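Working notes, beginning with the structure itself.
Residue numbers (UniProt numbering): 1 to 147.
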């Protein structure tokens with residue numbers, strides 16, 4: 001089943017079950033997809049939709065950090081629920097150990113030796129982990145590996 005169809009089916013299910021958090025989360029994802037399609041006047045493929053979903057996940061995680069700083073328990077709980085729902089649409093995320101292995105392989109492939117080669121490493125690395133790892137975490141692992 002295509003990702004758009006899955007989102008549509010999940011929206012219908014959430015509406016029938018009166019699951020407000022899932023309904024609003026899926027609606028926000030669908031709205032983001034529709035916005036990109038209208039702006040670019042294209043029909044997005046599943047891999048492009050995954051990029052949008054990953055961006056939505058990053059926004060929720062960033063928001064969660066802010067809610068925790070502000071000690072907004074009501075918003076913290078909602079953000080956590082939304083994160084779980086959004087993650088269900090993404091491929092299984094890589095573990096830290098898996099990321100370290102991929103980073104080590106990429107550093108060897110690119111022949112990088114120090115932090116000056118960071119751009120070369122990241123440009124070769126990101127397509128390998130696209131949608132399966134947070135870019136911030138990958139960047140951190142690369143920096144640690146080069147240190």
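In this text, a Cβ means the ideal position worked out from N, Cα and C, and glycines have one as well.
If you're wondering where the values come from, they're calculated on a predicted model, not measured in any experiment.
Handout entry: residue 9 versus residue 109: straight-line alpha-carbon distance, rounded
Key = 43 Å
Exercise for the section: With a threshold of 16 other CB atoms inside 10 Å of the CB of residue 82, please say whether the residue is buried or exposed. Expected result: buried
Practice task
Keeping to the same chain, check which residues put their C-beta closer than 6 Å to that of residue 130; ignore five residues upstream and five downstream.
Solution key: none
Problem - 4-residue-minimum alpha helix (DSSP H) runs that sit fully inside the region 70-144, ordered along the chain - result: 73-87, 96-110, 118-129
Practice task
Note down, in chain order, each residue of its chain lying with its Cβ closer than 8 Å to the Cβ of residue 71, except the 5 sequence neighbours on either side.
Solution key: none
Practice task
State the Cα-Cα distance for the pair residue 144 and residue 122, rounded to the nearest angstrom.
Solution key: 13 Å
Exercise for the section: Could you tell me whether the region 12-25 touches the region 85-95, using the rule of 3 or more Cβ pairs below 8 Å? Expected result: A contact exists between the region 12-25 and the region 85-95.
Exercise for the section: Determine the DSSP secondary structure at residue 19, reduced to helix, strand or coil. Expected result: DSSP places residue 19 in coil when its eight states are reduced to three.
Practice task
Whole angstroms is fine: what's the gap from residue 65's alpha carbon to residue 114's?
Solution key: 31 Å
Practice task
Take residue 45 and list the residues in its own chain whose beta-carbon comes closer than 6 Å to its own, dropping the five residues that flank it on each side.
Solution key: none
Handout entry: Chain-order list of residues whose beta-carbon lies under 7 Å from that of residue 79 (same chain, five-residue window excluded)
Key = 60, 63, 64, 67
Exercise for the section: Would you identify the three-state DSSP class for residue 9, choosing helix, strand or coil? Expected result: DSSP places residue 9 in the helix class (H, G or I) of the three-state scheme.
Problem - Backbone CA spacing between residue 37 and residue 7 [nearest angstrom] - result: 15 Å
Exercise for the section: Put residue 43 into one of helix, strand or coil per three-state DSSP. Expected result: coil
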